[in-house]
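Each number in the working numbering corresponds to the 1-based position in the sequence shown with 387 added. No residue lacks a Cβ here, since even glycine has one placed at the ideal position from N, Cα and C. These numbers come from a predicted model, not from an experiment. First the structure, in the form of C-alpha cells, and then the observations on it.
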Amino acid sequence: MAFLCCIRKEDWFGMKEEKHVRISQCMIVKNEEKNIERALSWGKSVMWEQVVVDTGSTDRTVELARQQGAKVAFFPWADDFAAAKNYAIGQAQGDWIAFLDADEYMVPEDAEKLAQILDGQEGKHFDGISTGWQQLDDKGQIFASGTQIRFFRNLPDIRYRRRIHEQLESQAGRELKIGDVAASLSIFHTGYQGEAGKAKGGRNRRLILEELKGNPQDYEMMGYMGDECLGDGEKAEAEQWYRCAVEEMPLQLPEADQRSAVTYSRLLLILAEKEEPSREDVEEIYRKAAAHLPKEADFDYIMGRFYASQGQAGEALASLEEALKKLDDGGCTNRALMLAANLTDAYELLVRCSFEAGSQQKCVSYAVAYLQHNRYSMAVLSRLLLVLAPGEGEPGQEEGRRILEFFGGLYDFTSPKDRMFLVRAAQRAGCGGFGRYAAGRILTPQEQEGIREAGQRKGREETGL
Numbered sequence: 388m389a390f391l392c393c394i395r396k397e398d399w400f401g402m403k404e405e406k407h408v409r410i411s412q413c414m415i416v417k418n419e420e421k422n423i424e425r426a427l428s429w430g431k432s433v434m435w436e437q438v439v440v441d442t443g444s445t446d447r448t449v450e451l452a453r454q455q456g457a458k459v460a461f462f463p464w465a466d467d468f469a470a471a472k473n474y475a476i477g478q479a480q481g482d483w484i485a486f487l488d489a490d491e492y493m494v495p496e497d498a499e500k501l502a503q504i505l506d507g508q509e510g511k512h513f514d515g516i517s518t519g520w521q522q523l524d525d526k527g528q529i530f531a532s533g534t535q536i537r538f539f540r541n542l543p544d545i546r547y548r549r550r551i552h553e554q555l556e557s558q559a560g561r562e563l564k565i566g567d568v569a570a571s572l573s574i575f576h577t578g579y580q581g582e583a584g585k586a587k588g589g590r591n592r593r594l595i596l597e598e599l600k601g602n603p604q605d606y607e608m609m610g611y612m613g614d615e616c617l618g619d620g621e622k623a624e625a626e627q628w629y630r631c632a633v634e635e636m637p638l639q640l641p642e643a644d645q646r647s648a649v650t651y652s653r654l655l656l657i658l659a660e661k662e663e664p665s666r667e668d669v670e671e672i673y674r675k676a677a678a679h680l681p682k683e684a685d686f687d688y689i690m691g692r693f694y695a696s697q698g699q700a701g702e703a704l705a706s707l708e709e710a711l712k713k714l715d716d717g718g719c720t721n722r723a724l725m726l727a728a729n730l731t732d733a734y735e736l737l738v739r740c741s742f743e744a745g746s747q748q749k750c751v752s753y754a755v756a757y758l759q760h761n762r763y764s765m766a767v768l769s770r771l772l773l774v775l776a777p778g779e780g781e782p783g784q785e786e787g788r789r790i791l792e793f794f795g796g797l798y799d800f801t802s803p804k805d806r807m808f809l810v811r812a813a814q815r816a817g818c819g820g821f822g823r824y825a826a827g828r829i830l831t832p833q834e835q836e837g838i839r840e841a842g843q844r845k846g847r848e849e850t851g852l
C-alpha cells in the first residue's frame, strides 16, 4: 500500500535536492568467489556505492570485490546475520540501501527500473519497497515466489533483527511504511541449489536453536526449524515443530503471513501423506489453518489432494474448486505458493475428481482448460472422450460430426501426431465407436492401416499367439 506524504526530501535528510537518489548496495559475504562478480555487476550502472562486508572468506572473494570497485570492510562472524548486516548498513552513505545476498541478482532491465522507482519516491514517504522474490532450482527454473523488502531508506532506526531469517524493523518502535512494487521488480535467488542448500541447512539449524533459546515462544522460528527437519527427511520431528508453532501463534495473523501459511501447509501435508492418515487430525488442522488465514488457497488444495487419495471424489472436487477460487481472488503473491507451482496437476486432479463424482459438465470444462495447455495428456483426454463419446457404438452422422468438430478446436487435424493421438486415445479409453468414426474421416489410408496393424499386434499379444 502506498503512503503519501507532503514532506520534501531535503527535509528528511537535511540536504539539498539531488537529481538522482543515491543507492548504496550492501552485502555480507563469505567464500562467494563464484557469485561475487555477478553480485556486483548487475546493478553497477545504478549504484552510487557498493559495500561488501567480508565475514571470514578464505577464497578470492575479497580480491574480486576490490577488482569490481567495491568498498570492502571486515566483520568477525558471530553466528548473527542481523549483526553483520547492520554493520554493513553502518558503512553505507547513500540515501537508500539495496541489500541483496551474493547469490541474488536482478535482471538489467529491473536494475534500471529500480533507479527510476526510487527517484520517483521523492514525493512519497516510504521507508522501503517490497519487490518480487523468485527462487531458482538447479535448472534455473522458478520453483517458489514471494516478496522481500531489500530496498529501504538509510535511516538510523531501520535495522535488522534476529540472527537468522532476519527481518527489518524500526528500532524506534514505529511501523515501517512499505511501497509495493512486486509487479514491476523481482530479485532472483539461487542460494538453495544443490550442495549449497545442504550446507546452509546445517548452519541454519544451529542458528535457529540459538534464536529459540532467547525467545522460546517464537512461532516463526519453530516453523523454520520444522522446515529444516522436513528437508532432512525427519518428518516426525518436523511435525512436532510445526505443531508447537501452531500452538504459539497469536489469535490473529497478518492476512498475507507467508511464514505461518507454510507452517500450516507443511503440517497438513505431513498428516495427509501418512501411510494411514487420520481424517480427523487432517481436518482439525485444516480448520485451524482456514480460521487463521482464510484467504490461503494452499490449504484447500492440500485437502483436495487428501480427499482424492481417500477416494472421496466429491469432497476433493469441492476443495479443489475452493482453492482455485481463492487463487483467482487473492493471487499468488506471498500466498498460494504450492497451488501456483502445481496448477497443471491441480487441473488434472479436477478432471479426475469431477469424472469420478459424476459431474460431467465440470469434467468437460476442466478437461478443455487443461488440454488447451497440454493436449497430449492421455489420462485427461480419455476422461473427456468417455463423457462425450462413450462406448463401442459408432455415433450417428450429425452427432459424430459435432463431436469431431469439438475436438478440432483442441487438436490440429493437419498434424499427423494430433490425428493419431486422438484416435488412439479413443481406442484406449474404450470409445471404439468414435475412434472408428474419427479414423475414417481424419486419418490417411496409411495411418488407418497403421492403426489396424497396431490393434492386431495387441490382440495377438493378449491371446499369446
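Grab me the residues of residue i's own chain with a C-beta within less than 7 Å of its C-beta, minus the 5 sequence neighbours each way, in chain order.
i	result
S706	D687, M690, G691, Y694
A452	I423, L427, V439, V459
T534	S517, T518, G519, W520, A569, T720, N721
V649	G610
Y734	Y753, A756, Y757
I551	F468, N591, L594, I595, E598
G510	Its pLDDT being 39, under 50, G510 is placed unreliably by the model, and nothing is read from it.
Return the first residue and the last residue of the alpha helix (DSSP H) that residue i is part of.
i	result
C750	747-758
I565	From DSSP, I565 is part of no alpha helix (DSSP H) but of the beta strand (DSSP E) over 565-567.
A812	803-815
T534	Premise fails: T534 lies in the beta strand (DSSP E), 529-540, not in any alpha helix (DSSP H).
Q699	First-last for Q699: undefined, no H or E at that position.
R425	423-428
R788	784-795
G560	G560 -> no alpha helix (DSSP H), and no H or E assigned at all.
R770	765-775
C740	730-743
N418	Careful: N418 lies outside any alpha helix (DSSP H) and carries neither H nor E.
G780	Counting along the chain, G780 falls outside any alpha helix (DSSP H), and DSSP gives it neither H nor E.
T720	Neither: T720 is in no alpha helix (DSSP H) and is coded neither H nor E.
Could you tell me if residue i is buried or exposed, where buried requires 16 or more neighbouring beta carbons within 10 angstroms of its beta carbon?
i	result
L638	exposed
F794	buried
T445	exposed
D466	exposed
N602	exposed
K600	exposed
F461	exposed
E419	buried
G620	exposed
M725	buried
R839	exposed
P782	buried
S802	exposed
H679	buried
F513	buried
S764	buried
G430	buried
E491	buried
G560	exposed
Specify, as a first and last residue, the run of the beta strand (DSSP E) that residue i falls within.
i	result
W628	First-last for W628: 622-635, but that is the alpha helix (DSSP H), not the beta strand (DSSP E).
A460	458-461
For residue i, which residues does DSSP report across the bridge?
i	result
C413	V438, F486
H576	E491, Q522
L555	Y547
D829	For the record, residue 829 in the displayed sequence is Ile; it is not Asp. DSSP lists no partner for I829.
I516	F538, G566
Whose C-beta lies closer than 6 Å to the C-beta of residue i among residues of the same chain, with five residues either side of it excluded?
i	result
M434	I410, Q412
M388	Confidence at M388 is low in this model, with a pLDDT of 34, below 50, so the placement of that residue is unreliable and no value is reported for it.
M608	I595, E598, L599
E683	A648, R722
H714	One point to set straight first is that residue 714 is Leu, not His, in the sequence displayed. Answer for L714: A684, A723, L726, listed in chain order.
A457	L427, Q437, V439
A625	G613, C616, L617
Skipping 5 residues on each side, what residues in its chain have a beta carbon closer than 8 Å to that of residue i?
i	result
R789	none
L772	A812, A813, A816, C818, F821
Is the CB of residue i under 7 Å away from at least one CB in chain C?
i	result
D732	Protein chains in the displayed structure number just one, and chain C is not present.
Exercise. Residue ranges of each beta strand (DSSP E) run of no fewer than 3 residues wholly in the region 640-682, ordered along the chain?
Worked result: none
Problem set entry | Complete runs of the alpha helix (DSSP H) confined to the region 590-621 [at least 4 residues] | 606-618
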